[in-house]
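Notes follow once the structure below has been shown.
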Amino acid sequence: MEDIGKRSRGRGLPSRRTVLAGSAALAMPAIWTSGARAQSSTLVVSTWGGNFGRLLTENVDVPFMKPLGIEVVQDIGGEEARVAKIQAQRMLPQGNIDVACVTGGVAQRLADLGALEPLNAATVPNLAHALPNLLTPTAAPQFYSPQVLIYSSERVKEPPTSFADLLEPAYKNKVGLTDGNFPFNMMAAALYASGNITDVAGAKEAMIRLNKNGLKLYPSVDATAPPFKSGEIDAGIMFLARVISWQDSGIPVKAAFPKEGAALYVSSLVVPKNAPNKQAALKYINAMLEPSAQQGFAAKLGYIPATDNAGLSGTLAQQLALPVPAPKLVVPDYAAMAAGSADLADWWKKTIQRS
Amino acid sequence: MSVAVSVSDLSKHYGSEQAVDRMSFDVNPGEMIALLGPSGCGKTTTLRMIAGFVEASGGDILLDGRSILALPTHRRNMGVVFQSYALFPHLTVAKNVAFGLEMHGVPKTDRAARVMDVLKLVKLEGFAERYPKQLSGGQQQRVAIARALATHPRLLLLDEPLSNLDAALRSDVARDIRMLQKSHGLTALMVTHDQSEAMAMADRLVVMRAGRIEQIGTQEDVYERPATPFVAGFIGHSNLVQGRLSDAGTLDCGGVQVALAGRYEARGAVTLALKPERIVLTPAGTGGDERVCGRIELATYLGTTVEQIVRLGDARLVIRSPSSGPAATRRFAEGDLVGVSWAIGDERVFSEDDRPLSAGH
Amino acid sequence: MSDAIISGRRSRQLGGTVLLAPATLVVLIMLAAPLALLVRYSFNRFSPTDLMIAAVTPENYVRFFTDPFYLEVMRTTIGVALLSTVLCLILGLPIGWRLSRMRPPWRGIFIFAMIMPLFVSSTVRALGWMILFARGGVLDLGSSYFFQRHFEMQFSSTGVVIGIVSANLPYMVLMAQSVFAGIDDRLSEAARGLGAAPVRAFWRVIWPLAIPGIAIATIMCLILGMNAYATPILLGGPRFQMMAPLVYWEFGTNNNWPFASALAFVLMATTLLLAVVAHTLVPRRYRA
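Protein chains in written order, with my numbering: chain A, 652 to 1006; chain B, 14 to 374; chain C, -8 to 279.
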């Protein structure tokens, strides 16, 4: 009996979510949500689909949540849709997302809005193991990946050491970036310009120069891999995790840490203040930080665990190990990013994409 | 004067299907010829080959002694009137008529006058600025004729000119076309499946069947002297009675002996053709030249005529007689036993290979 | 007696109206309401924290019409739509004409062949072109082998136009086919009988009669071109901008619903305007 009830609830949810995606912005209160989801054994995790969602199910939902009697329902979509939902629902007494997977900058934007529940080791014990420089009062860091210089191991004899190299005539028409990663591309440019990750003016100037050097743009991260293989481009800026996974799929690329510093891509988990099932959400985040879950993600996606007790070993540990001497790693200044995000997006579209 | 159009051995086949099979006929200047036959007999294909819409598979078409087979339609100078009229719906009546003039390079200044002349000819001068869809069927047809005539074509081709008209209009229009054609000495070829239309409009008929010519001749020729049982049946709706000539003057028709009016040398299977209106009925056993007797199976009063059906063994004879007037004969009731007779000139006997047999006395 | 019949008929008509009402209502709600919302949103104000603030301000429209960037994107969009429509006409009309004059078995087969691509979404077809145009793709390999130079079609406006033409051509061909098939062959024969060479007969008789239908097909291609989304994104790449992807960018990436609504409304209005202009270019007597 109970099983049947659960299943039908699970099925009913997606359509309600679809409706909500639109209605949330209409500021139409999600009254039916509260009534229908009174039972506390369901947890809605808003996340990316594909490998990411599957790994969550395999490493968190099944081994940790199921034994607790918590049924996890994934609300799959892009990050911006997720942000819009939380943002639009934040004034309501109860939203319909319990846990959201977001990147560092987005977590900061939501925190600034006061939309997030504080997280600490008292409520999420495993946060005691989180890397302190990645930890914020409202976001639990899940893993990170440094943004590195990527280059073709076949065609580049002298590995690049800095963003500056990409501006050289040797790389004319041979540098490619992922268009969707423009905030991080700009951080790399800022670090090159002045060593200050918030130096927007310097970053803009450097990026314009890179653009003039025949910069190529690709719509998505996945679309940036084939041109390395086909010889269309020789170098670019990419997250280390992706370089590793491309290497695993036979694309001849290598990573180099820029001497001016590598911005860190951080993937976090947050809990909206009005999450309907907050207790389960905290348990979920704690489970995510368990070593076994961290290892599962690291092995499949090539990201570096954001905890100090993940205990990686073997080839994986070697692949993810940082070079010696330790490179300069820079945590993005999320507050600065959040303030200028819309302007930066516009600037990127009008200045970099257009010319 | 030499012939205007000479069609010789004209053939058309689609794959193995022979649509037109070695047709030969002439059209004299100022003459209207009707190609007549049931649907699928190849008459329309013949017209379309003359117009140039369909390429001939063999034979030749001479216009004033010169072959036109190699010429495309637009250089043949034929005036074509289509069954559907095919008026240009986006052009006014005047522009429809002027179209051919323009195509023939008539200067713009002369066109209007010529358009009006030809519209007067078909009594539509007041309709010049109308669009085709604003006209009745009869008016549309007159526009189609005017359009075809405007360029003074060497030959006027009419495809089923009356079939899209109301039955009540047909005889009037047929007469109008005929008068127009005669008064202007137009050389014309029409196609029809309706023998009365062909009779009313043409100088000579070409009766066709299955891609071949059955008979060419005047109305009287094909009516009075059909060359084949098919022509006798198609033109005069003749009764066709199958039988065997057992002696010179007797037709054995499934056991019923018919005393023929003529004497024939042939023996064996023949077809006797008798026109319904040329048969006389008398009370059985009273007439001296009673050729056979039979019972009235059905009698129908049709206004001007009475149609009676007499059973002769396996065959039935349709007899049509005037219902009143000096030629009216006595009417019989169903079941009456009647004597059937006809004159020698009204009797037509065809051999087994469909050739007419000559009758002796 | 007759009163009863009349009232019976009237009540039947009334019944029909009542039966149609729910469907009409649904159409109204599904079509008109979102449109009304769109217009309403476009006058709202955007805030990075609150997303959308109820207001009545023209600022979103002012932003569009005063920023050369957006006007340029609109120009590109109109240019691509017009060019792809002209190409669809040039390629589609002869094919449609030929199809309409084919004999029965072949006509059906070729029409089916034209419909076939429509079974595949335009996104998948654009992906096909992407693979074809890509560095290391068939065209690039051929070009590299024969001309010792790379084939540069990926992420180009030419590629986008090719993609849109390939997506819209079947519609043009099918509509042209049915327009031409609806014109009696006898009309062309009549024109030829009156001394018009076949080409002249086509332009003087068939073409004027086809214009209303062709105009509708043209307007449809124009609308599809103006609103193309997947093709410009996939074949144009990040540097190529058209209106529909821009609307989505403002809506989805920037979460700026008011401006996205204004962009969408401007796009819609421009498309409508182009359709009206295209319609008025057709001489009055040829209009459907």
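Virtual Cβ for every residue (Gly too), placed ideally from N, Cα, C. No experiment lies behind these values; they were computed from the predicted model shown.
Per-residue DSSP class, three states only, for B:H26: DSSP places B:H26 in strand when its eight states are reduced to three.
Chain C beta carbons: is any one of them nearer than 9 Å to that of B:G65? yes
For C:V196, return the contacting residues in chain B, with the cut-off set at a CB-CB distance below 7 Å. F101
Rounded C-beta distance between B:L175 and B:R188? I'm assuming under 8 Å. The pair is not a contact, with the Cβ atoms about 11 Å apart (cut-off 8 Å).
Is C:C79 a contact residue of the ligand GDP, with contact defined as CB to any heavy atom under 8 Å? For the ligand GDP, the structure offers nothing, since it holds no ligand at all.
A:S881 CB to nearest chain C CB: under 9 Å? yes
Check the Cβ of B:T86 against every Cβ in chain C and list those closer than 8 Å, keeping chain order. E180, R183 and G184
Distance between A:V872 and A:G831 (C-alpha atoms, nearest Å): 8 Å
Taking the straight line between their C-alpha atoms, what separation do you get for A:Y916 and A:V753? 11 Å
Candidates A:I884, A:T708 and A:K934: closest to A:R806 by CA position: Cα-wise, what sits closest to A:R806 is A:I884.
Do C:N159 and A:A993 have their C-beta atoms closer together than 9 Å? no
Residue range of the alpha helix (DSSP H) that C:M144 falls in? Segment: none, C:M144 is in no alpha helix (DSSP H) and carries neither H nor E.
So what's A:G686 in DSSP terms, helix, strand or just coil? Note on A:G686: pLDDT 40, under 50, position unreliable in the model; no value is reported.
Can you grab the Cα-Cα spacing for the pair A:L842 / A:V713, in whole Å? 41 Å
If you follow the beta strand (DSSP E) that C:F37 is in, where does it begin and where does it stop? Taken as a continuous stretch (DSSP letters only), the beta strand (DSSP E) holding C:F37 covers R36 to S38.
Measure how close the beta-carbons of B:G262 and B:L253 come, nearest whole angstrom, since I'm counting them as under 8 Å. That pair is no contact at about 20 Å.
How many Å lie between A:R688 and A:L818 at the Cα? Low confidence applies here, because A:R688 scores a pLDDT of 43, under 50, leaving its location unreliable and the question unanswered by this model.
Any contact of the stretch 50 to 61 of chain C with the stretch 768 to 780 of chain A, i.e. 3+ C-beta pairs under 8 Å? no
Beta-carbon within less than 7 Å of A:I848's beta-carbon, same chain only, minus the 5 sequence neighbours each way: which residues are those? M838, A841, L842, A914, V981, P983 and D984
So what does DSSP say about B:Y277, is it helix, strand or coil? coil
Beta strand (DSSP E) segment containing A:T754, residue limits: V750 to T754
Can you tell me whether C:Y61 is buried or exposed, with buried defined as 16 or more other CB within 10 angstroms of its CB? buried
Which runs of the alpha helix (DSSP H) fall wholly inside the stretch 80 to 124 of chain C and span at least 4 residues, in chain order? 95 to 106 and 113 to 124
How is A:S674 classed by DSSP in three states: helix, strand or coil? Because the pLDDT of A:S674 is 39, which lies under 50, any placement of that residue in the model is unreliable, and the question is left without a value.
Given a cut-off of 9 Å, decide if C:N218 and C:T149 are closer than it, judged by their beta-carbon atoms. Taking 9 Å as the Cβ cut-off, C:T149 and C:N218 do not qualify as a contacting pair.
Determine the contact status of C:A125 and C:Q145, defining contact as a CB-CB distance below 9 Å. yes
Contacting residues, own chain, Cβ-Cβ under 8 Å from B:W10 (five flanking each side not counted): Missing from the structure shown is residue 10 of chain B; chain B here goes from 14 to 374 and no further.
Could you tell me whether the Cβ atoms of B:L84 and B:T59 are closer together than 9 Å? Against a cut-off of 9 Å, the Cβ pair of B:T59 and B:L84 comes out as no contact.
Taking only beta-carbon positions, decide if C:W240 is within less than 9 Å of chain A. yes
Hey, how far is the Cα of B:G230 from the Cα of B:T284? Looking at the backbone, the Cα of B:G230 and that of B:T284 are separated by about 22 Å.
Three-state class that DSSP yields for A:L764 in the structure shown: coil
With a CB to CB cut of under 6 Å and the five nearest residues on each side skipped, what residues in its chain are close to B:R89? G65 and I81
At least one CB of chain B closer than 9 Å to the CB of C:D175: is that the case? yes
Taking DSSP as the reference, what is the three-state secondary structure of B:V220? strand
Give a yes or no on whether the minimum CB-CB distance between B:M129 and chain C is below 9 Å. no
So is C:S75 buried or exposed if we call it buried at 16+ other beta carbons inside 10 Å? buried
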